Amino acid sequence: MEDHITPDRIANAICMDTTFQGYHVIVEGKKDYKFYSKFFNSSEIRIVEAFGNERVIEVLQLLDDRGFNRDIGIIDLDFNRILGIDHQIDGLFVTDDHDIEVMVIKTDALVDVVNQYCSPKSIKDFESSKSTTIREELLKIGREIGYLKLAAKVYDLGLVFKPKMADGNQLRYNKLMDNNFDFAGKNVLIETIVNFSNGKSDCIKSQAEINMAFDAIKQKSYPDYELVNGHDLANLLYLLMKKVLKSKSKSLGDWDCVEDSLSLAYDSSDFKKTILFKELEKWRISENVNLFSERITSS
Numbered sequence: 517m518e519d520h521i522t523p524d525r526i527a528n529a530i531c532m533d534t535t536f537q538g539y540h541v542i543v544e545g546k547k548d549y550k551f552y553s554k555f556f557n558s559s560e561i562r563i564v565e566a567f568g569n570e571r572v573i574e575v576l577q578l579l580d581d582r583g584f585n586r587d588i589g590i591i592d593l594d595f596n597r598i599l600g601i602d603h604q605i606d607g608l609f610v611t612d613d614h615d616i617e618v619m620v621i622k623t624d625a626l627v628d629v630v631n632q633y634c635s636p637k638s639i640k641d642f643e644s645s646k647s648t649t650i651r652e653e654l655l656k657i658g659r660e661i662g663y664l665k666l667a668a669k670v671y672d673l674g675l676v677f678k679p680k681m682a683d684g685n686q687l688r689y690n691k692l693m694d695n696n697f698d699f700a701g702k703n704v705l706i707e708t709i710v711n712f713s714n715g716k717s718d719c720i721k722s723q724a725e726i727n728m729a730f731d732a733i734k735q736k737s738y739p740d741y742e743l744v745n746g747h748d749l750a751n752l753l754y755l756l757m758k759k760v761l762k763s764k765s766k767s768l769g770d771w772d773c774v775e776d777s778l779s780l781a782y783d784s785s786d787f788k789k790t791i792l793f794k795e796l797e798k799w800r801i802s803e804n805v806n807l808f809s810e811r812i813t814s815s
């Protein structure tokens with residue numbers, strides 16, 4: 517269904533809605549819609565899903581071409597800063613980190629969610645055995661996936677990391693770690709992703725080429741929160757809480773509920789510390805727009 521909702525159709529709907537005189541905020545998808553709804557003034561701001569990073573940009577450009585100026589867009593940083601990509605588009609804002617999930621996981625929202633689902637003893641025992649934090653353990657495996665995703669993008673490896681449809685079969689993240697939540701290794705990672713990509717891509721490079729590309733990417737240093745992907749971390753966190761920390765919570769259904777819980781645990785004080793908020797605040801003042809909800813303005 518989302519494929520049929522083209523940027524042109526979205527732009528048309530916005531321009532034709534003459535009953536609404538507020539501002540439209542164009543975001544990538546459903547998760548973004550739910551996340552930003554907490555912080556924006558619903559009476560004067562309408563959040564619109566464009567179903568993808570590039571589609572947000574295209575909608576903004578279409579609206580600009582038509583002389584419509586009551587709109588802004590927010591996209592995930594993705595690998596853009598690492599790759600030196602800087603979209604110079606008026607009204608386009610970018611997350612501080614790879615995506616909104618990463619922006620959330622770097623805060624105490626992660627601690628709150630783990631405490632919500634897992635016993636204090638299981639958390640303490642795990643972190644003691646690893647001599648580090650749950651966040652760092654997530655990042656260890658998240659980095660490895662991030663290296664391969666970046667390699668796939670830079671070297672056009674033909675790899676696929678997510679299902680074509682949102683309700684399709686997910687990547688088997690459980691293959692990427694052992695029972696102690698230790699990374700299963702580069703070869704297992706590559707094999708798992710290649711197997712997932714089979715039937716979804718017609719141009720998968722050879723195992724040797726993928727290995728070389730992975731190693732080339734890993735030789736360089738990248739900021740953790742720009743490299744790792746929030747969807748990967750949410751899946752890893754679900755497996756950690758369910759399989760390793762042995763959560764008994766019936767509400768811990770899958771990775772999706774983990775993402776929802778993280779979003780709910782992220783509060784306005786965290787958002788107000790971000791560069792994204794500061795840039796939006798500058799725009800709000802310059803345009804005299806009542807952008808933020810009472811949750812933000814009263815805190």
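Residue numbers (this note's numbering): 517 to 815. The C-beta atom is built at its ideal place from N, Cα and C for all residues, glycine as well. Since we're looking at a predicted model, the values are computed, not measured.
Is the number of C-beta pairs between the segment 621-638 and the segment 686-698 that are closer than 8 Å three or more?
-> With the cut-off at 8 Å, the segment 621-638 and the segment 686-698 do not touch.
Is the beta carbon of residue 589 less than 9 Å from the beta carbon of residue 607?
-> yes
Any idea if residue 746 is buried or exposed, counting beta-carbon neighbours within 10 angstroms, 16 or more meaning buried?
-> buried
Residue 733 versus residue 706: straight-line alpha-carbon distance, rounded = 14 Å
Proximity of residue 721 and residue 754 at Cβ, strictly below 9 Å = no
Return the CA-CA distance between residue 730 and residue 577, expressed in angstroms with no decimal places.
-> 35 Å
Can you give the Cα-Cα distance for residue 604 and residue 655, rounded to whole angstroms?
-> 30 Å
Note down the Cα distance separating residue 752 from residue 663, rounded to an integer number of angstroms.
-> Taking the straight line joining both Cα atoms gives about 16 Å.
Apply the 10 Å Cβ neighbour rule to residue 534 and answer buried if 16 or more other Cβ atoms are within range, or exposed otherwise.
-> exposed
Tell me, to the nearest whole angstrom, how far the beta carbon of residue 611 is from that of residue 592; I am working on the premise that it is less than 8 Å.
-> 5 Å
Proximity to residue 585 [Cα-Cα], best of 614, 761, 669, 538 | Closest option to residue 585, Cα to Cα, is 538.
Beta-carbon gap between residue 676 and residue 709 smaller than 9 Å = yes
So, residue 616 versus residue 551, is the Cβ gap smaller than 9 Å?
-> yes
Rounded to whole angstroms, what's the CA-CA distance from residue 646 to residue 652? Just pull it up for me.
-> 10 Å
What residue range is occupied by the uninterrupted alpha helix (DSSP H) comprising residue 747?
-> 746-755
Going by DSSP, name the residue or residues bridged to residue 585.
-> DSSP, once it has assigned bridges, lists no residue as partnering residue 585.
May I ask you to report which of helix, strand or coil DSSP gives residue 597?
-> DSSP places residue 597 in the coil class of the three-state scheme, outside both helix and strand.
Enumerated in chain order, which unbroken segments of the alpha helix (DSSP H) with a length of 4 residues or greater are wholly contained in the segment 622-707?
-> 625-633, 636-646, 650-671
Which partner residues of residue 520 appear in the DSSP bridge assignment?
-> Partner(s): none; residue 520 has no beta bridge.
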